[in-house]
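Mind the numbering: the sequence shown is residues 29 to 192 in this note's numbering, read in order.
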Amino acid sequence: MAQQALFLIMAVFTLGMALGTVTSRNIFHSALFLVGSFAGVAVIYFLLEAEFVGVAQIIIYIGAIATLIIFAIMLSRSVTGQNGSPMNRQWAFAALGAALLFAALAWLFSRVDFGSTAQPVPEDAIALIGAGLVTEYVIPFEVASILLLVALVGAILIARERHS
Numbered sequence: 029m030a031q032q033a034l035f036l037i038m039a040v041f042t043l044g045m046a047l048g049t050v051t052s053r054n055i056f057h058s059a060l061f062l063v064g065s066f067a068g069v070a071v072i073y074f075l076l077e078a079e080f081v082g083v084a085q086i087i088i089y090i091g092a093i094a095t096l097i098i099f100a101i102m103l104s105r106s107v108t109g110q111n112g113s114p115m116n117r118q119w120a121f122a123a124l125g126a127a128l129l130f131a132a133l134a135w136l137f138s139r140v141d142f143g144s145t146a147q148p149v150p151e152d153a154i155a156l157i158g159a160g161l162v163t164e165y166v167i168p169f170e171v172a173s174i175l176l177l178v179a180l181v182g183a184i185l186i187a188r189e190r191h192s
């Protein structure tokens, strides 16, 4: 019962953060709401006993993607300026579009048969993923790590050149 209550609390928290992401007129605040939404999804994964996916959510989405988005906002802030209106005059059209999309997806999902049983997960699934990353997929793994390192060094150099 307590786990179900915590799940519902985290679902409401995650939806609130997602709503804050799309309704905030300040792009930096939207990025911070997005981080909160990613964290809520990670907690939900932990509650569903999918620890590996939860840790991957934290490392990839919060650690890499959200950091990249915040870097991009901070580095391009002086380029874009602050000349936008703080009020969104098209919120009614956006709400109508979101409601129609929700209704269409709800109708679609009510018609689809998703199967009746879940497949069993091997006991050593995480060990198999780790072994795959250092054996069969070592080259793509290293290429991705070098690409992330180059992006980080480039962001630092761009930020340092602006302040000099």
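We treat Cβ as the ideally placed atom computed from N, Cα and C, and that holds for glycine.
For clarity, every value in this text was computed on a predicted model and none was experimentally measured.
Sequence-distant residues of its chain with Cβ nearer than 7 Å to residue i (five each side left out)
| i | result |
| --- | --- |
| ALA4 | Residue 4 is absent from the model: the chain starts at 29 and stops at 192. |
| GLY143 | none |
| ILE55 | ILE101 |
| MET45 | PHE61, GLY64, SER65, GLY68 |
| SER58 | THR49, SER52 |
Contact set for residue i: own chain, Cβ-Cβ below 6 Å, skip 5 residues either direction
| i | result |
| --- | --- |
| MET38 | GLY68, VAL71, ILE72 |
| GLY82 | ALA70, TYR73, PHE74 |
| PHE41 | GLY68 |
| ILE98 | ALA59 |
Assigned secondary structure, residue i (DSSP; H/G/I helix, E/B strand, else coil)
| i | result |
| --- | --- |
| PRO168 | helix |
| GLY143 | coil |
| LEU129 | helix |
| ARG188 | helix |
| ALA78 | coil |
| SER52 | coil |
| THR163 | coil |
| VAL69 | helix |
| ILE37 | helix |
| GLN118 | coil |
| MET193 | Absent from the structure is residue 193, since the part of the chain shown begins at 29 and ends at 192. |
| MET45 | helix |
| VAL149 | coil |
Cβ neighbours of residue i in the same chain (closer than 8 Å, five flanking residues each side left out)
| i | result |
| --- | --- |
| ALA153 | PHE80 |
| LEU136 | none |
| PHE169 | LEU161, VAL162 |
Alpha carbon of residue i to alpha carbon of residue j, nearest angstrom
| i | j | result |
| --- | --- | --- |
| ALA120 | VAL171 | 45 Å |
| ARG53 | ALA179 | 28 Å |
| VAL63 | ALA94 | 6 Å |
| ALA100 | ALA183 | 9 Å |
| VAL140 | ALA132 | 13 Å |
| LEU161 | TYR89 | 19 Å |
| VAL50 | ALA134 | 21 Å |
| ALA155 | GLY125 | 44 Å |
| GLY158 | GLN31 | 29 Å |
| LEU43 | GLU77 | 20 Å |
| PRO212 | VAL166 | In the structure as shown, the chain starts at 29 and stops at 192, and residue 212 therefore has no counterpart that could be examined. |
| GLN118 | ALA127 | 14 Å |
| PHE130 | ILE86 | 27 Å |
| PRO148 | ALA84 | 21 Å |
| SER173 | GLU164 | 16 Å |
Candidates the options: closest to residue i by CA position
| i | options | result |
| --- | --- | --- |
| ALA123 | LEU47, GLN32, LEU36 | LEU47 |
| VAL181 | LEU96, PHE56, ALA33 | LEU96 |
| LEU60 | LEU34, GLY91, ALA84 | GLY91 |
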